Amino acid sequence: MRVARWTRTSKLFTGGTAAVAVALACVPLVFESDLVQKLTTLLILVLLAAMWNALAGYGGLLSVGQQAFIGIGAYGTVFFADHGVTPYLAMVLATLLAGAISLPISLFALRLRAAQFAIGMWVIAEVMSIIVRLDQNLGAGTGISLIQMNQYEPNFRQAYTFWLALAFTVIFLVALFLLLRSPLGASLQAIRDDEDAARSLGVRVAARKRLLFVLAGFGCGAAGVLVVANTLFIEPGSVFSVQWSAYMIFMVLVGGLGTFEGPIIGAILLFAIQTTFTQGGPWYLVGLGATAALFALALPRGLWGTVEERLGLRLLPVGYRVVEAKGEERAA
Amino acid sequence: MEARTDVVLAAVDVRKRFGALAVLDGVNLDLRPGEAVGVVGPNGAGKTTLLSVLAGSLAPDTGSIVFKSRDVTSRGAADRCKLGIARTHQVPRPFAGMTVFENVLVGATAGGRHRGREAYDLCLEVLDRTELTQLANRRAEGLGLMQRKRLELARALSVEPAVLLLDEIGGGLTDAESAALVETVAGLRDRGIAVLWIEHIVHVLMQVVGRLVCMDAGKIIADGRPEEVVSQAAVIDAYLGGGP
């Protein structure tokens, strides 16, 4: 017997995914900026879903406060740009800032358990929101524009922002994919399934959770950067809104918690719903909540989790298959 | 008592209370390399609690745990596993969403610190020894109870421990299955691994252990050669509910 990780299907699909990424990179060269802006929104959703899934699906960390990092990314960009940094460099710096801040926050937040952690993170996000509201230089409660973006011609700006979104999404998804394929990946999935049993097999649960928390800090920071780059105006009430967490939970639960592919599908679905029901409003939110609850009850594994279970299909392989070695006799 | 340097794992005057109940009431126990020790006692005697305290998943109120002459009382379960103490759970706790092979791989990589091909080969060998090879690609949630118990053992073995703590993995096995389990444990013992095995089915234990410990109400009431321990009045009382 030997261990195989790739199958023909998964090789084809992973190759196909890479091809899609390359094709997406060409979109701004061919299509209208309206579509480019919409696709940027989609990439932000994919990134957020993947990060929330990394936290909840592998670390068992149910956060309703990831908007704290979205806000740090968004306001960090404005802050650095106001201090004379080129906007796109400011965006990279703001992403690094969000990731760096996540480390000290983890020292506090990861001491909390389950519901305490969820609420604790929400409190942290609200505190950040209040700090911004008190700072006149950041526009206080009324919001602020990233005026430095005016130096770019709108079509180019949209294209640059889209490419940055694509780069961030690819970087974070590839990082998560490689992490899950590494020996640490098995440990992370073990934590997802049974934390205490994982501990008794030598998994340092606290350190692994910190790794995921910081990764998600960087990733959500990057998403916040993209929000301000895409909309050019932010206010504390929206970037620090708990609605972000609701979206993330929706995408991950519907797509498939603890699967690599599921959250991407969930993000595409949410994006489709958002573009269809453009009016928004309370009923749209009620609909989202009801759908998430329905999935939790009827398809607890989400769309992809169910497909994976029924068909044994793994497109982006983070797991292992034991197969018979070449030339080996079939075991009796 | 023999020289203590020979001892691989020791519990020294361990006490643990849950509320008003003294679950462990001053337990002293030594394990030597290549020694298989059986633990018997009525329900609620503190057997599983002792195992959890040894494995580090439960902290004792007082007393200490010494592994290879190092005090490991303050070290958590993960650290102790990396040092070489592996355990199974009475109620199997498989990683439901992972395959049987991936379950075992966690022990080999996290606890056993193996990487790549080395880890794979170790896992394949352990699966073969525990007769799980045919189920290697099955998600663990689909396994039956007996298969889950075998998986518990396989995961613990993949750590390549110096001390193996088994918690009732023999219950419900057929004669052939328990014979295979006895053979596995004997093999481990002969390779120099210290095995502590909690089991209700005394006649299975008697086939492999060289020493039997009987617990009752948080205390060790007998510790010695199996034939002697089972014939002691106190042990019979504890099981049959006589009492003074």
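Chain order of the listed sequences is U and D. Quick note: the first sequence uses the working numbering, first residue 1, plus one each step. Quick note: the second sequence uses the working numbering, first residue 1001, plus one each step. All C-beta atoms, glycine included, are put in the ideal place defined by N, C-alpha and C. The model shown is predicted, which means the values in this text are computed figures rather than measured ones.
DSSP places Val227 (chain U) in the uninterrupted alpha helix (DSSP H) bounded by Val205 to Thr231. By the rule that beta-carbons nearer than 8 angstroms mark a contact, Arg111 (chain U) does not touch chain D.
Taking Arg157 (chain U) as the centre and dropping the five residues before and after it, the same chain places the C-beta of Met149 closer than 8 angstroms to its C-beta, in chain order.
The beta carbons of Ala49 (chain U) and Ile264 (chain U) sit closer together than 8 angstroms. Contact of His1203 (chain D) with chain U by beta-carbon distance below 7 angstroms is absent, the smallest such distance being about 29 angstroms. Interface residue (Cβ-Cβ distance to chain U less than 8 angstroms): Arg1093 (chain D) is classified as such. Residues of the stretch 1051-1064 of chain D whose Cβ lies closer than 7 angstroms to any Cβ of chain U, in chain order: Ala1055 and Ser1057. The beta strand (DSSP E) runs of length 3 or more contained entirely in the stretch 303-329 of chain U are, from start to end of the chain, 321-323. Phe31 (chain U) is not bridged by DSSP to any residue. Shown here, Ile1193 (chain D) sits in coil according to DSSP, grouped into three states, outside any helix or strand.
In the DSSP assignment, no residue is bridged to Phe250 (chain U). Between Leu61 (chain U) and Leu176 (chain U), the C-beta gap is not smaller than 8 angstroms, which leaves the two residues out of contact.
Separation of Ala1011 (chain D) and Ile1085 (chain D) (C-alpha to C-alpha, rounded to the nearest whole angstrom) is 13 angstroms. By the beta-carbon neighbour count (other beta carbons within 10 angstroms, threshold 16), Pro154 (chain U) is exposed.
Between Asp1223 (chain D) and Ala1238 (chain D), the CB-CB gap reaches or exceeds 8 angstroms.
Secondary-structure assignment with DSSP links Val1066 (chain D) through a beta bridge to D:Ala1010 and D:Asp1071.
Gln189 (chain U) has a beta carbon lying within less than 8 angstroms of a beta carbon in chain D.
In the assembly as shown, Phe250 (chain U) is a buried residue. Its beta-carbon has 16 or more other beta-carbons within 10 Å.
Here the alpha carbon of Val1204 (chain D) sits roughly 15 angstroms from the alpha carbon of Arg1189 (chain D). Only residues of its own chain outside the window of five on either side were considered, and among them none has a CB closer than 8 angstroms to the CB of Leu297 (chain U).
Interface residue (Cβ-Cβ distance to chain U less than 8 angstroms): Val1072 (chain D) is not classified as such.
It is roughly 30 angstroms from the alpha-carbon of Leu179 (chain U) to the alpha-carbon of Gln37 (chain U).
In terms of beta-carbon proximity, Pro183 (chain U) lines the interface with chain D, with at least one pair separated by less than 8 angstroms.
For the stretch 190-220 of chain U, the beta-carbon criterion of a distance under 8 angstroms to any beta-carbon of chain D is satisfied by Ala190, Arg192, Asp193, Asp194, Asp196, Ala197, Ala198, Arg199, Ser200, Leu201, Gly202, Val203, Arg204 and Val205. In the three-state reduction of the DSSP assignment, Ala125 (chain U) falls in the helix class, which pools H, G and I. Distance check between Ile191 (chain U) and each of D:Pro1042, D:Pro1094, D:Lys1082 and D:Asp1061 places D:Pro1094 closest, using alpha-carbon atoms only.
Excluding five sequence positions before and after Leu89 (chain U), the CB atoms of its chain that fall closer than 8 angstroms to its own CB belong to Phe80, given in chain order.
Among the CB atoms of chain U, none fall inside 8 angstroms of the CB of Phe1067 (chain D).
For the alpha helix (DSSP H) assignment, the uninterrupted runs of no fewer than 4 residues enclosed by the stretch 92-147 of chain U are, from N- to C-terminal side, 114-133. With a threshold of 16 other beta carbon atoms within 10 Å, Asn137 (chain U) falls short and is exposed.
Under DSSP, Lys1016 (chain D) takes part in a beta bridge, and its partners are D:Leu1024. Comparing alpha carbon positions, the residue from D:Arg1155, D:Leu1058 and D:Asp1175 closest to Thr1109 (chain D) is D:Arg1155. Per DSSP, Arg192 (chain U) lies in no beta strand (DSSP E); the unbroken alpha helix (DSSP H) holding it starts and ends at Pro183 to Asp193.
Within chain U, the residues placing a beta-carbon under 7 angstroms from that of Phe1101 (chain D) are Tyr320 and Val322, ordered along the chain. Residue environment for Asn230 (chain U): buried (at least 16 other C-beta atoms within 10 angstroms of its C-beta). Around Lys1082 (chain D), the beta-carbon contacts reaching into chain U at under 7 angstroms are Gly202.
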